[in-house]
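Chains as they are written, first to last, in the numbering used here: chain S, 1 to 123; chain D, 1001 to 1145. Even for Gly, the Cβ is constructed at its ideal location relative to N, Cα and C.
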Amino acid sequence: MSSYDISLPDMEAEDRPLSSAALHILLALAESNLHGYGIMQAVKRQSGGQYKLGPGTLYANLDRLLANGWVGESERQLKHGDTRREYHLTANGERVLRHEIRRLRRVVDVARTRLGKLDDRDV
Amino acid sequence: MNTRQYLLSTYRLMLQLYPPTFRRRFASQMLEVAEAAEPAEWPLIFGDTSVAIVRCWIEGSPSTAALAEPNAYLPVGASSLPAFGFLQGLILSTVIILALLYTGYRWPPPCPAKRPIVTEIVGPSQASLPAIAPREHVVGRIPGQ
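Here it is, written out as structure tokens:
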């Protein structure tokens, strides 16, 4: 395979830290398939009301997540004949989410160590 | 029209400001979100969407880029744009250029004709001057009268 093959997955995008919005959307979709408003509600719930996602931010992020192949979309038939577009986490998206959680855990570990030292000094 | 319908109509108009490809893909879903929203969420919806519209135009969006790509580098002859469209563009751009040239020719407007400038010479005040006796006028006779 040529090193110039542009069909290779974009490793830079996957290695890059996720934005807060993207992280919360992926976390919400890790629980269940959701439509737009459902994602907004799930994000509000999982952050304890600290993070409120507006529709502009939500769909701008979904657009990028769909383009990266981390989120998929499907039509769901409702009772009265209407359809609703739902979003789901893809296998690639789950891998990116796990990678991000590991990265955040390392950050938290470093923070714990350093803030622990600070606490000792204060005492 | 109640407040909710008014807000929804305003939001529908606001969504028209998105780039066309993004709007075609997500506007109907965004409107559904707005319809499902509670009154307390409206400030967030309007504020967030207005910022997102600007960001979408400045940064672009993957869906816009993906849809624009197939026609982006086509030679003129291979474009799906009809010849009439080119003609319209040509006429419109010519009119704009001529209008700009005419405006440039006429602007700035010519200066008005020169007029004498009247100035007032301000001298020292009367109080600061030494008193001068009024000159007597000698009335003489004009010869022959």
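Status (buried if at least 16 other CB within 10 Å, exposed otherwise) for residue i
{"i": "Val1033 of chain D", "result": "buried"}
{"i": "Gly1148 of chain D", "result": "This structure leaves residue 1148 of chain D out entirely; chain D is present only between 1001 and 1145."}
{"i": "Arg16 of chain S", "result": "exposed"}
{"i": "His24 of chain S", "result": "buried"}
{"i": "Tyr1006 of chain D", "result": "exposed"}
{"i": "Ala1066 of chain D", "result": "Because Ala1066 of chain D sits at a pLDDT of 48, beneath the cut-off of 50, its placement in the model cannot be relied upon, and the point is left open."}
{"i": "Ile39 of chain S", "result": "buried"}
{"i": "Ser1028 of chain D", "result": "exposed"}
{"i": "Arg64 of chain S", "result": "buried"}
{"i": "Val43 of chain S", "result": "buried"}
{"i": "Tyr51 of chain S", "result": "exposed"}
{"i": "Leu1015 of chain D", "result": "buried"}
{"i": "Tyr1102 of chain D", "result": "exposed"}
{"i": "Ser1061 of chain D", "result": "buried"}
{"i": "Leu62 of chain S", "result": "buried"}
{"i": "Gly93 of chain S", "result": "buried"}
{"i": "Leu66 of chain S", "result": "buried"}
{"i": "Glu1069 of chain D", "result": "Note on Glu1069 of chain D: pLDDT 43, under 50, position unreliable in the model; the coordinate value appears next. Exposed, because fewer than 16 other Cβ atoms sit within 10 Å of the Cβ of Glu1069 of chain D."}
{"i": "Leu1087 of chain D", "result": "exposed"}
{"i": "Leu18 of chain S", "result": "buried"}
For residue i, the nearest candidate out of the options (CA to CA)
{"i": "Thr1049 of chain D", "options": "S:Gly116, S:Gln50, S:Gly54", "result": "S:Gly54"}
{"i": "Pro1019 of chain D", "options": "D:Ile1091, D:Arg1055, D:Ala1037, D:Leu1098", "result": "D:Arg1055"}
{"i": "His35 of chain S", "options": "S:Gly69, S:Glu75, S:Asn68", "result": "S:Glu75"}
{"i": "His88 of chain S", "options": "S:Asp109, S:Ala30, S:Ser19, S:Ala67", "result": "S:Ala30"}
{"i": "Phe1026 of chain D", "options": "D:Asn1002, D:Ile1053, D:Pro1043", "result": "D:Ile1053"}
{"i": "Trp1042 of chain D", "options": "D:Thr1010, D:Leu1087, D:Ala1099", "result": "D:Thr1010"}
{"i": "Asn68 of chain S", "options": "S:Ile101, S:Thr113, S:Leu26", "result": "S:Leu26"}
{"i": "Leu1017 of chain D", "options": "D:Leu1008, D:Trp1057, D:Asn1002", "result": "D:Trp1057"}
{"i": "Pro1039 of chain D", "options": "D:Asn1002, D:Thr1094, D:Ala1099, D:Leu1098", "result": "D:Asn1002"}
Run of the beta strand (DSSP E) containing residue i, from where it starts to where it stops
{"i": "Arg16 of chain S", "result": "First-last for Arg16 of chain S: undefined, no H or E at that position."}
{"i": "Gln75 of chain S", "result": "Note that residue 75 of chain S is Glu in the sequence shown here, rather than Gln. Where Glu75 of chain S is concerned, the enclosing beta strand (DSSP E) stretches over 71-77."}
Cβ distance (whole Å) where residue i is taken to contact residue j below 8 Å
{"i": "Gly116 of chain S", "j": "Thr90 of chain S", "result": "The Cβ separation is near 38 Å, so there is no contact."}
{"i": "Ala1045 of chain D", "j": "Ala1037 of chain D", "result": "The question names Ala, but residue 1045 of chain D is Ile in the sequence shown. 6 Å between Cβ atoms; contact."}
{"i": "Arg1004 of chain D", "j": "Leu1031 of chain D", "result": "About 13 Å; that fails the 8 Å criterion."}
{"i": "Pro46 of chain S", "j": "Ala28 of chain S", "result": "Looking at the sequence itself, residue 46 of chain S is Gln, so the reference to Pro does not match. Between Ala28 of chain S and Gln46 of chain S the Cβ distance is about 6 Å, and since that is below 8 Å, they are a contact."}
{"i": "Leu78 of chain S", "j": "Arg85 of chain S", "result": "That pair is no contact at about 11 Å."}
Residue i - containing alpha helix (DSSP H), residue span
{"i": "Glu1032 of chain D", "result": "1020-1036"}
{"i": "Tyr87 of chain S", "result": "Tyr87 of chain S -> not in any alpha helix (DSSP H); beta strand (DSSP E) instead, spanning 83-89."}
{"i": "Gly38 of chain S", "result": "36-46"}
{"i": "Pro55 of chain S", "result": "55-68"}
{"i": "Gly1047 of chain D", "result": "1042-1059"}
{"i": "Gln1005 of chain D", "result": "1003-1015"}
Closer than 7 Å: residue i CB and nearest the ligand PLP heavy atom
{"i": "Thr83 of chain S", "result": "No copy of the ligand PLP appears in this structure; indeed no ligand is present at all."}
Check your understanding: Okay, do the stretch 48-63 of chain S and the stretch 89-99 of chain S touch, 3+ Cβ pairs below 8 Å being the bar?
Key -> no
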